Amino acid sequence: MMELFQIPAFGRAIVALFACGLAFPLLGIYILSLDLIPVRFGVMHLSLLGATVGLIAGVDPMFFAILFSVAAGFVVSGLSSRASSGTSGGAMALLMTSSLGIVFILFYKTNIHAIEAFNLFWGNVLALDRTEVYLVVIASALILAGTLRFLRPISAVLFDKETAFAFGFPATVVYTGILVMVCVGIGLGIRITGALMVDAVTLLPALAAQSLKKNFRPTMMLASIFGVCINMAGFALAIVFDLPTSPAIIVVGTVAVLGCKAVTSRRGRRRK
0 MMELFQIPAF
10 GRAIVALFAC
20 GLAFPLLGIY
30 ILSLDLIPVR
40 FGVMHLSLLG
50 ATVGLIAGVD
60 PMFFAILFSV
70 AAGFVVSGLS
80 SRASSGTSGG
90 AMALLMTSSL
100 GIVFILFYKT
110 NIHAIEAFNL
120 FWGNVLALDR
130 TEVYLVVIAS
140 ALILAGTLRF
150 LRPISAVLFD
160 KETAFAFGFP
170 ATVVYTGILV
180 MVCVGIGLGI
190 RITGALMVDA
200 VTLLPALAAQ
210 SLKKNFRPTM
220 MLASIFGVCI
230 NMAGFALAIV
240 FDLPTSPAII
250 VVGTVAVLGC
260 KAVTSRRGRR
270 RK
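Mapping to numbering that gives the first Met the number 0: the sequence shown position 68 is 67, numbers consecutive.
Printed below as a string of structure tokens:
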């Protein structure tokens, strides 16, 4: 067993899972608090467009996928701020449909096979190269640093963007920053776990932390703790029982969420 951890691929996987376990659950808190669920699907489509452009240009498709994810955050923020409801759902739906249409036109007009671009979305933490691990670590560090530095305005925006603006916080700038962080995190999470399982490193730890019904700061800390524990336990489970990593992480995360909900429910019954 121990000799497995001397294999470079396993070492890179552990570093990536630890880093994203610390930071990406904070994005899950943002997603749940701001109702950014549609953003996940929108980023998948924008990343696919970026990967396609990268393949056509002969450049690493992962680089262009992340670049388009960053652009998605700014575009959605701009479109949602002009919407009457101020939400991102309609803006992201527009980006999803338009980007997918452009992708298939590019497939039709070039010699790029669709499977080459879609390969980006299967996700495999053991297939990460050194550059991708560096990207995960750097993005995680920026997410953590940004959250710590701007914790007060972020908490105000998560509570209510209009109220945050009334209290003098730069609500639009903070909201845009949150969207960009979420889009980049989802773009990298897709490479780690796959598009259909990106919730494993974002939403499940956040759901577990929120289930305990703590204040904002303790919830953020618990989300990071749960993120690391879920990732490491899921990875260990995958190794011991010869399972795919992403589904194993999801199983562990689901158990953690249900366990936290059970603890909260029992605590509530005792108080009664």
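For each residue, glycine too, the CB sits at the ideal point set by N, CA and C. Bear in mind that the values here come from a model prediction, so they are computed numbers and not experimental data.
Rounded straight-line distance, which links the Cα of residue j to that of residue i
i    : j    : result
S83  : M91  : Low confidence applies here, because S83 scores a pLDDT of 49, under 50, leaving its location unreliable and the question unanswered by this model.
I272 : V124 : Look at the range of the chain in this structure, 0 to 271, and you will see that residue 272 is not part of it.
A71  : V42  : 7 Å
V250 : Y107 : 39 Å
F149 : N110 : 46 Å
V136 : L93  : 31 Å
Q209 : G49  : 33 Å
A140 : M220 : 15 Å
I238 : L157 : 38 Å
G10  : A163 : 42 Å
C165 : L26  : The residue asked about is misnamed: residue 165 is Ala in this sequence, not Cys. One C-alpha to the other measures close to 25 Å.
I229 : R39  : 21 Å
Buried or exposed by the 16-neighbour rule on C-beta atoms within 10 Å, applied to residue i
i    : result
G258 : exposed
E161 : exposed
T96  : exposed
S264 : exposed
P152 : buried
F168 : buried
N214 : exposed
P217 : exposed
I114 : exposed
F272 : For the chain, the structure presents residues 0 to 271; residue 272 sits outside this window and is missing.
T130 : exposed
V102 : buried
Cβ pair residue i, residue j closer than 7 Å
i    : j    : result
A205 : V256 : no
L54  : P60  : yes
T175 : S98  : no
V132 : A15  : yes
T51  : L105 : yes
G226 : G122 : no
I201 : F62  : Per the sequence shown, residue 201 should be read as Thr rather than Ile. Going by C-beta atoms, T201 is not nearer than 7 Å to F62.
A222 : I36  : no
Helix, strand or coil at residue i according to DSSP, with G and I counted as helix
i    : result
D198 : helix
I6   : coil
K166 : Before going on, a small fix: residue 166 reads as Phe here, not Lys. Here F166 sits in coil by DSSP.
H44  : helix
N230 : helix
G49  : helix
T253 : helix
P243 : coil
T192 : helix
F149 : coil
T109 : coil
G72  : helix
G184 : helix
(request) Decide yes or no for the touch test of the segment 8-19 against the segment 181-196: beta carbon pairs closer than 8 Å, at least 3 of them. (result) yes
(request) Inspect the CB distances between the segment 169-180 and the segment 145-154 and report whether three or more fall short of 8 Å. (result) yes
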